[in-house]
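Quick note: the sequence shown uses UniProt numbering, first residue 1, plus one each step. Worksheet for the structure shown next.
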Amino acid sequence: MTEEEQQLAKEASRLFSGRVEFLLSAPQLKFIPDPDFPEVAFCGRSNVGKSSLINALTGRKSIARTSVTPGRTQELNFFEVGDPTQFRIVDMPGYGFAKAPLKIVEKWRKLVRTFLRGRVPLRRTMVLIDSRHGLKDSDREMMTMLDEAAVGYRLVLTKADKIKASELEKVAADVLAEGRKHQAAYPHVHVTSAEKGMGLEELRAAILFDVRQ
Ligand SMILES: Nc1nc2c(ncn2[C@@H]2O[C@H](COP(=O)(O)OP(=O)(O)OP(=O)(O)O)[C@@H](O)[C@H]2O)c(=O)[nH]1
Ligand SMILES: [Mg+2]
Numbered sequence: 001m002t003e004e005e006q007q008l009a010k011e012a013s014r015l016f017s018g019r020v021e022f023l024l025s026a027p028q029l030k031f032i033p034d035p036d037f038p039e040v041a042f043c044g045r046s047n048v049g050k051s052s053l054i055n056a057l058t059g060r061k062s063i064a065r066t067s068v069t070p071g072r073t074q075e076l077n078f079f080e081v082g083d084p085t086q087f088r089i090v091d092m093p094g095y096g097f098a099k100a101p102l103k104i105v106e107k108w109r110k111l112v113r114t115f116l117r118g119r120v121p122l123r124r125t126m127v128l129i130d131s132r133h134g135l136k137d138s139d140r141e142m143m144t145m146l147d148e149a150a151v152g153y154r155l156v157l158t159k160a161d162k163i164k165a166s167e168l169e170k171v172a173a174d175v176l177a178e179g180r181k182h183q184a185a186y187p188h189v190h191v192t193s194a195e196k197g198m199g200l201e202e203l204r205a206a207i208l209f210d211v212r213q
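Here it is, written out as structure tokens:
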């Protein structure tokens with residue numbers, strides 16, 4: 001790490017362990033907050049670990065609601081970080097497989113896509129991918145949508161504690177290779193485990209870097 005990167009990592013760890021507050025939960029776009037601060041959004045298939053990763057990054061056990069039942073997060077949930085507020089984190093409903101009626105899944109899908117496409121203060125989207133499964137067609141569809149909308153995103157592997165190191169290396173390489181073909185994807189893969197704390201320090205620094213862009 002360069003001295004600048006070390007400084008950023010230090011600041012990020014201080015910010016994420018400081019004030020983090022739930023702001024509001026928006027079931028429809030008309031309820032989202034005014035675009036007052038830079039934002040980073042977390043998206044990914046149902047059950048990939050979006051809410052768990054937000055909890056782990058902020059060191060809170062349950063600031064974002066998690067569940068063993070896929071389809072738990074049903075709204076856009078906004079969290080504020082910093083005192084005074086520096087940026088917001090948005091936890092989103094999952095796409096792809098969800099144990100919810102098709103009509104409701106379609107409603108979330110529309111909510112997520114419309115938000116990501118049109119949100120002015122959005123600095124970066126984190127596209128979460130389950131280490132055990134790698135990229136699925138629903139991820140590819142999301143990535144293509146983000147490419148078309150010119151919304152920059154980072155590829156983040158989750159649940160890295162669930163597979164062997166050799167398999168992890170392979171899935172990370174595959175995701176990186178495919179990510180390189182997407183113009184709005186940052187050419188790097190973050191490997192994380194909310195459970196074991198893996199990759200969190202690096203991701204916190206990356207997020208702080210993004211919101212300062
Ligand atoms: N082993 C392990 N399990 C994890 C990790 N992250 C999440 N999980 C588990 O995966 C399940 C889903 O996690 P959530 O954080 O609720 O997933 P989500 O993406 O927010 O799900 P939706 O809101 O339903 O789209 C929970 O049972 C978590 O405990 C991880 O890093 N390691
Ligand atoms: Mg969730």
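Cβ coordinates follow ideal geometry from the N, Cα and C atoms, glycine included. Since the model is a prediction, treat every value here as computed from it, not as a measurement.
- Message: With the cut-off set at 7 Å, would you say Leu-146 and Val-189 are in Cβ contact?
- Response: Here Leu-146 is not near Val-189, since their CB atoms are 7 Å or more apart.
- 8 Å CB neighbourhood of Phe-16 in its chain, flanking five on each side removed: Once the five neighbours on either side are set aside, the close Cβ partners of Phe-16 are Leu-57, Thr-58, Gly-59, Val-81, Arg-204.
- Task: Could you tell me the distance, in whole angstroms, from the CA atom of Pro-33 to the CA atom of Thr-66?
- Result: Cα-Cα distance, rounded: 22 Å.
- Could you say which of Pro-38, Ala-206, Asp-137 lies nearest to Phe-78 if we only look at CA atoms? Considering only alpha carbons, the answer is Pro-38.
- Item | Three-state secondary structure assigned by DSSP to Val-120 | Coil.
- Query: Helix, strand or coil: how does DSSP classify Gly-179 here?
  - Reply: In the three-state reduction of the DSSP assignment, Gly-179 falls in the helix class.
- Task: With ligand 2 as the reference, list in chain order each residue whose Cβ lies under 7 Å from any of its heavy atoms.
- Result: Proximity annotation: ligand 2 has residues Lys-50, Ser-51, Ala-64, Arg-65, Thr-66, Arg-72, Thr-73, Asp-91, Gly-94 in chain order, each selected because its CB is closer than 7 Å to a heavy atom of the ligand.
- Query: Should Phe-42 go down as buried or exposed, given a rule of 16 or more other Cβ atoms within 10 Å for buried?
  - Reply: Per the 10 Å Cβ criterion, buried.
- Query: Cβ of Asn-77 versus every heavy atom of ligand 1: is any distance shorter than 6 Å?
  - Reply: Not so, every heavy atom of ligand 1 lies at least 6 Å from the Cβ.
- Item | Secondary structure of Asp-91, DSSP reduced to three states | If DSSP states are grouped into helix, strand and coil, Asp-91 belongs with the strands.
- Message: So within the region 9 to 44, which uninterrupted beta strand (DSSP E) runs reach at least 3 residues, ignoring any that extend past its ends?
- Response: Correct list: 20 to 26, 39 to 44.
- Message: In this structure, how does DSSP classify Ala-165 when only helix, strand and coil are distinguished?
- Response: Three-state DSSP puts Ala-165 in a helix.
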